[in-house]
Amino acid sequence: MTAGPEAVEDPPIPAGSSVDAAAGALPSATLGGEQRRSLEQITLLLFITVPFVALVAAVPLAWGWGVSWLDLGLMTAMYYVGCHGITIGFHRYFTHGSFKAKRPLRIALAIMGSLAVEGPLVRWVADHRKHHKFSDAEGDPHSPWRFGETVPALMKGLWWAHIGWMFDEEQTPQHKYAPDLIKDDAIRTISRQFVVWTAVSLLIPPLVGGLVTWSWQGALTAFFWGSLVRVALLHHVTWSINSICHAVGKRPFKSRDRSGNVWWLAVLSCGESWHNLHHADPTSARHGVMKGQLDSSARLIRWFELAGWAYDVRWPNAARIDARRNETAGGGTSPR
Ligand SMILES: [Zn+2]
Ligand SMILES: [Zn+2]
């Protein structure tokens, strides 16, 4: 079931766009239908699991070749540095302004996010602001509903939302969507140095691994796990927010689009998979607002606030959360 037009605080949609048709004002053609339901479940599941199975299959192969606790430690540390750089920095801070940061933290978040190898900062922010402006409607750079609601269209759309959109010739105009960042010399410079930060990100693990073990073998396995596997995993988790979290998941909050809360991605995505709440309240510094919803990014922002590095944090309060709840009975769940 899709959200109604009563969504709150979303950017206005320009006249003439087909928001009604794409965002779900039309009745669902297939997803609600009992007949198609099981087929959709199976195909969705395949899309979600097959790449992961491939990744998992690669692990035992590489395991015999060599992995150490150091490699796993480097992988985990680098993963969460980049992940929080994206979620706290690129997303909650630079895109949505959910808190203000002292200058050193602003610079550090820009660099940490760049280490995730997800493209230059300003491009990331411009794409994401456009995503919120048109979420799941025409103009959204990466909606899984782009090609329609039939099973083949959704499969194509999930691929598009996950990876394909990045190869689209049409680029989001950065001057239109991120003028505030372009005006900041240091931020513009870090964004332009994307290739440099990519090199730094890929070279830290082999450097540490090589020096600690004092061997080429140690450098090589650290590169495989700490650089390659780590970047691939973080990429897929980030892209899953665009694909999986706009196709499945619970929808307890009002939003104009099809964003869902997907609990099993919460830890790996540093709290970003509470994506339904995020679209219902985009500037909130916390996405996992309900009891037991892990959100490591929100926890770190709180620590930054306590340290005096972050201020004017937009924490959600109970009234604000309640105002965004879906009242319709049964309207809070996905087609799954
Ligand atoms: Zn989204
Ligand atoms: Zn967002």
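Take the sequence shown: its letters are residues 1 to 336, numbered as in UniProt numbering. Ideal Cβ positions, reconstructed from N, Cα and C, are used throughout, including at glycine.
At least 8 Å separates the beta-carbon of Leu121 from that of Ile204. Going by beta carbons, Val125 and Ser201 fall outside the 8 Å limit.
DSSP links Lys250 through a beta bridge to Asn261. With contacts defined as CB atoms closer than 8 Å, Leu74 and Gly210 fail to qualify as a contacting pair. Straight through space, the alpha carbons of Thr150 and Trp303 are spaced by roughly 45 Å.
With at least 16 other beta carbons inside 10 angstroms of its own, Glu272 counts as buried. Ala280 places its beta carbon less than 8 Å from that of Arg324.
CA-to-CA, the gap between Leu265 and Val237 works out to about 8 Å.
For Trp239, the enclosing alpha helix (DSSP H) has its first and last residue at Arg230 to Asn242.
Look at His162: its beta carbon is at least 7 Å from all of the heavy atoms in ligand 1. The beta carbon of His91 sits no closer than 7 Å to any heavy atom of ligand 1.
Linking His128 to Ala219 through their CA atoms gives a straight-line distance of about 36 Å. For the alpha helix (DSSP H) assignment, the uninterrupted runs of no fewer than 4 residues enclosed by the stretch 266–313 are, from N- to C-terminal side, 275–280 and 296–307.
Selection Trp197, Glu327, Tyr93 and Val67 evaluated against Glu305 yields Tyr93 as nearest (Cα-Cα). Across the set His132, Met78, Met112 and Ala307, the C-alpha of His132 shows the shortest separation from the C-alpha of Ile241.
Using a cutoff of 7 Å, the CB of His96 does not count as near ligand 1, since none of the ligand's heavy atoms is closer than that. With 16 or more other CB atoms across the displayed protein chains lying within 10 angstroms of its CB, Met78 is buried.
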